[in-house]
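S.K.: Structure in structure tokens, see below.
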Amino acid sequence: MKHAGPAALEHLAGLLAELRKLEALNEKKPGIFYRKSRAFLHFHEDPTGLFADVRDKAGIDFDRFDVSNPTNWPVLVAEVVRRL
């Protein structure tokens, strides 16, 4: 599964705009967010859709969220806020 490219990130523009409002996150590259000095959130694309990987609460691994459909975006934003 590859990191999301420009077309995928364009599809996620509304979601990215919401994530960019979160002061605890720093977007080092388009669609790749850090919290402090650690990678926290990034996006992937594959034939089955678009996915966000968010660092788990323990800070050890990432959990995957389907973000192909904009109706899923508020769930992701709420989970990101909870984990910050």
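Numbering that gives the first Met the number 0 puts the sequence shown at residues 0 to 83.
Heads up, the beta-carbon is just placed ideally off N, CA and C, and yes, glycines get one too.
Source: prediction; values computed, not measured.
Kindly indicate which three-state DSSP category Glu22 falls into: helix, strand or coil?
M.R.: The residue labelled residue 22 in the question sits at position 23 within the sequence shown. Correct three-state label for Glu22: coil.
S.K.: On the criterion of 16 or more Cβ atoms from any shown chain inside 10 Å, does Glu22 qualify as buried, or is it exposed?
M.R.: Your numbering for residue 22 matches position 23 in the sequence shown. By the neighbour-count rule (16 or more Cβ atoms within 10 Å), Glu22 is not buried but exposed.
S.K.: Please state the DSSP three-state secondary structure of Leu75.
M.R.: In the sequence shown, counting from the first residue as 1, residue 75 sits at position 76. Correct three-state label for Leu75: helix.
S.K.: For the candidate residues Leu83, Gly48, Ala3, Ser67, whose alpha-carbon lies nearest to that of Ala91?
M.R.: What the structure shows of the chain is the stretch from 0 to 83, and residue 91 is not part of that stretch, so it cannot be assessed.
S.K.: How many angstroms separate the CA atom of Arg63 from the CA atom of Phe50?
M.R.: The residue you call residue 63 lines up with position 64 of the sequence shown. The residue you call residue 50 lines up with position 51 of the sequence shown. Taking the straight line from one Cα to the other gives about 6 angstroms.
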